[in-house]
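Residue numbers are given in the working numbering: position 87 of the sequence shown equals residue 183, and the series is strictly consecutive. Cβ atoms here follow ideal geometry from the backbone N, Cα and C, with glycine treated the same way. It should be emphasised that the depicted structure is a prediction, and the values quoted were computed from it without experimental measurement.
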Amino acid sequence: MLVAVIVVGVWLGFRAQMAKTNLEQARTSAQQTKDALLQGNTADAARFAGEAQSHAQAARDATHSLPWNIVSVVPWLGSPFKTGQQISDVVLGLTAEVLKPAAEVGTAIAPNQMLADGRLDVQALRKEEPALGTIAAAAARLDADAKAISDPHYVSALGEARSKLQAQTSDLMKLLSGTAIAAQLAPSMMGADGPRSYFMAFQTNAEARGTGGLVGGFGILRLDNGKPNVDTLGQNTEFFDESFKPISLGQDFDQQYGFTKPTTDIKNSNQSAHFPYAAQIWKSMWAQQSGMDVDGVIAIDPVALSYILGATGPVVMRDGETVTEGNVVKLTESTVYDRFPTDQSARKQYLQDVASEVVKKISGPLKSPRTLFDALGRAVSERRIAVWSSSPTDQKLLEETPLAHEVPDDPAPYAGVVINNLGGNKMDYYLERQIEYVADGCDGNTRLSTVTVRLTNTLADATQLSDYVAGRMGFFTGLADNIPKGAMLTSVRLLATEGAQLISVLANDTRIRVFGATERGHPSFEAQVAIPPGKTAVLTFRLSEPTASGEARVPVQPLIDNVTPKVSVPTCTG
97 MLVAVIVVGV WLGFRAQMAK TNLEQARTSA QQTKDALLQG NTADAARFAG
147 EAQSHAQAAR DATHSLPWNI VSVVPWLGSP FKTGQQISDV VLGLTAEVLK
197 PAAEVGTAIA PNQMLADGRL DVQALRKEEP ALGTIAAAAA RLDADAKAIS
247 DPHYVSALGE ARSKLQAQTS DLMKLLSGTA IAAQLAPSMM GADGPRSYFM
297 AFQTNAEARG TGGLVGGFGI LRLDNGKPNV DTLGQNTEFF DESFKPISLG
347 QDFDQQYGFT KPTTDIKNSN QSAHFPYAAQ IWKSMWAQQS GMDVDGVIAI
397 DPVALSYILG ATGPVVMRDG ETVTEGNVVK LTESTVYDRF PTDQSARKQY
447 LQDVASEVVK KISGPLKSPR TLFDALGRAV SERRIAVWSS SPTDQKLLEE
497 TPLAHEVPDD PAPYAGVVIN NLGGNKMDYY LERQIEYVAD GCDGNTRLST
547 VTVRLTNTLA DATQLSDYVA GRMGFFTGLA DNIPKGAMLT SVRLLATEGA
597 QLISVLANDT RIRVFGATER GHPSFEAQVA IPPGKTAVLT FRLSEPTASG
647 EARVPVQPLI DNVTPKVSVP TCTG
């Protein structure tokens, strides 16, 4: 019996080492497959995927031998062996059902093949959409299997391997899910079934609005079988003198924003962070002004343009000035106001010319389509590109992506901090934000939570800035006399978890009153603060909120700065 135990132990040790070696090799080959796919090297991707599957199969064979199967069912003692089996099963599934098919599809939709001469091959993408959907479904199933892998108890190395695999399958699932949705969306929205047209808003986030910034200019983007063309570029002044017929976006919207006439005054059209509201307003305005009924709306900001220029290379203006990735944000959000302090027409024309040159650059031949895709992906991840479609089918798919910029109407924990410039200036170029959302545990029906917002006016000296940039046009009568030039007058609106109740709001440790409302089921609490140059305003919202299930969400409004919110909210179930 002792000899039998020793033999089994040696056999299990040999198999464990074999499984470990092959799993490591499979992981290496899987990473090489992913890298090759992203680089458009489909031949290498297919080869690496085959190697990954071979190693994964060897690891699974090692963990499903007869002695291993026997030990794995022993209570507690067999837990690491059970974990090893589950890990090898998931890895084999990933290589066979995800990586290898993805490499095969990648041959048809590699970036350098999909985008040529400024045209996206939407027909090829549509052809591969069923395969991409199947791969995404497999990735989602395997992600669920990875999350269900049991605790190995006393073998910490397996615990680490389990955690790494769970993180990898989650990332892969999200990536492939997005790719599958894009394959469904892109052909339709980019004119595979006939030309499509979109109102494209250029947002100036030096003057903050809920969706990012004031609409400084616009264009009409036409897409025909994957080929883009911008045939109209205009300034926001084209909407200033029109007597637009208002539209209703619901009782809550009308009650919260209606007094600013958002559906007829483009300057106030995008105060809400819910992008579909702004999109429907802009669509209505353009239809009334031009008679053209667009198929959707797109919004983009100068920071996104900087990422695009990083991929396409700089543009040269007619006067020889070079606009690059490194200077486009400062040029369009700050320098332009110094250059044209009083000539608004010249300033807006300059901004329009910059946008025109960038559009031409994107529409032409590209050295690296993948680099452009990466730049667009970065802009989307930072919420700097938003898209809305008038097609209910397309819009439903968009809502599954970061492009929709919707305020969700579900009960999961939520803290949306929305900044709107009330000063009528361009001071938000100098705004820096910090956001923190903290909540108690999951016991009980309600819990205490706190949302802290720190807003810093980084401007040191306002004396050299024009009144158009640092003035106080929007300040209340009397308030402007007591606030220095270069101050920010800022609306800070918190959209809280559904059912949350406000306990108090402090501004720099002083209790203040706020304006209450409701937006898409979320209680809305608005505070207004003035922030002189070099100063910081700290707003503390204290709440009692339902102990809702789900992961907490803190969307970041796309302004000049990039913010990573600090979230300390437990994920509750039930």
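C-beta atoms of residue i and residue j nearer than 8 Å
i: R529; j: V659; result: yes
i: T420; j: L405; result: yes
i: A304; j: D524; result: yes
i: V483; j: I394; result: yes
i: A191; j: A126; result: The sequence shown places Thr at residue 191, not Ala. Yes, the pair counts as a contact, with Cβ atoms nearer than the cut-off.
i: L261; j: I231; result: no
i: M285; j: G322; result: no
i: F621; j: A644; result: no
i: V194; j: A122; result: no
i: A218; j: P283; result: Residue identity check: residue 218 is Val in the sequence provided, not Ala. Yes, the pair counts as a contact, with Cβ atoms nearer than the cut-off.
i: A199; j: A242; result: no
i: K631; j: N553; result: yes
i: T418; j: V412; result: yes
i: S252; j: S175; result: no
i: I656; j: A302; result: yes
i: A508; j: Y403; result: no
i: P248; j: T159; result: no
i: V547; j: F637; result: yes
i: R480; j: I396; result: yes
Residue range of the unbroken beta strand (DSSP E) whose run includes residue i
i: W172; result: It is not in any beta strand (DSSP E) - W172 carries neither H nor E in the DSSP assignment.
i: R305; result: R292 to R305
i: K492; result: No beta strand (DSSP E) contains K492, which is instead part of the alpha helix (DSSP H) from P488 to L494.
i: H618; result: H618 to I627
i: V588; result: M584 to A592
i: A662; result: Per the sequence shown, residue 662 should be read as Lys rather than Ala. From DSSP, the beta strand (DSSP E) with K662 extends over K662 to S664.
i: S485; result: I481 to S485
Residue i, DSSP secondary structure in three states
i: I608; result: coil
i: E147; result: helix
i: Q128; result: helix
i: P398; result: helix
i: I579; result: coil
i: T643; result: coil
i: D320; result: strand
i: P207; result: helix
i: A155; result: helix
i: R649; result: strand
i: L162; result: helix
i: R123; result: helix
i: L133; result: helix
i: L598; result: strand
i: L462; result: coil
i: T669; result: coil
i: L190; result: helix
i: G308; result: strand
i: V390; result: coil
i: V201; result: helix
i: V167; result: helix
i: V101; result: Low confidence applies to V101: its pLDDT is 44, below 50, so where it sits in the model is not reliable, and the reading given next is rough at best. Reduced to three states, the DSSP call for V101 is helix.
i: V634; result: strand
i: G180; result: helix
i: W107; result: With a pLDDT of 49 at W107, under the threshold of 50, the modelled position of this residue cannot be trusted, and the question is left open.
Endpoints, alpha helix (DSSP H) assigned at residue i
i: M269; result: S252 to M285
i: V218; result: V218 to K243
i: V194; result: Here V194 belongs to no alpha helix (DSSP H), and DSSP marks it neither H nor E.
i: T467; result: P465 to S477
beta-carbon residue i near the ligand MN non-hydrogen atom, thresh 7 Å
i: A198; result: In terms of ligand content, the structure shown is empty, and the ligand MN therefore cannot be addressed.
Cβ of residue i within 8 Å of any chain D Cβ
i: L447; result: Here chain D cannot be found, since the structure has a single protein chain.
Runs of 4 residues minimum, wholly inside the stretch 400 to 447: which ones carry the alpha helix (DSSP H) assignment? Here the runs fully enclosed are 432 to 435.
Any contact of the stretch 279 to 295 with the stretch 307 to 316, i.e. 3+ C-beta pairs under 8 Å? With contact defined as three or more Cβ pairs closer than 8 Å, the stretch 279 to 295 and the stretch 307 to 316 are in contact.
4-residue-minimum alpha helix (DSSP H) runs that sit fully inside the stretch 496 to 574, ordered along the chain: Whole alpha helix (DSSP H) segments, 4+ residues: 563 to 566.
Continuous alpha helix (DSSP H) assignments of at least 4 residues falling wholly in the stretch 323 to 384: Taking only runs of at least 4 residues, the alpha helix (DSSP H) segments lying wholly in the stretch 323 to 384 are 347 to 353.
Taking contact to mean 3 or more Cβ pairs, one atom from each stretch, closer than 8 Å, check whether the stretch 449 to 458 and the stretch 585 to 594 are in contact. At 8 Å Cβ cutoff, the stretches do not touch.
So, does the stretch 438 to 447 touch the stretch 460 to 469, judging by three or more C-beta pairs under 8 Å? Because the criterion of three Cβ pairs below 8 Å is not met, the stretch 438 to 447 and the stretch 460 to 469 do not touch.
Okay, do the stretch 600 to 610 and the stretch 618 to 629 touch, 3+ Cβ pairs below 8 Å being the bar? The stretch 600 to 610 is in contact with the stretch 618 to 629.
If we count Cβ pairs, one from each stretch, closer than 8 Å, do we get three or more for the stretch 497 to 505 versus the stretch 367 to 380? Yes: the two stretches touch, three or more of their Cβ pairs being nearer than 8 Å.
Quick test of the definition: if touching needs 3 or more C-beta pairs under 8 Å, does the stretch 473 to 493 touch the stretch 225 to 242? Proximity of the stretch 473 to 493 to the stretch 225 to 242 falls short of the contact definition, fewer than three beta-carbon pairs being nearer than 8 Å.
Touching by the beta-carbon criterion (3+ pairs, under 8 Å), the stretch 508 to 517 and the stretch 644 to 658: The way I'd put it, the stretch 508 to 517 does touch the stretch 644 to 658; three or more beta-carbon pairs between them come closer than 8 Å.
Is it true that the stretch 115 to 129 meets the stretch 154 to 168, where meeting means three or more beta-carbon pairs spaced less than 8 Å apart? Result yes; three or more Cβ-Cβ pairs closer than 8 Å.
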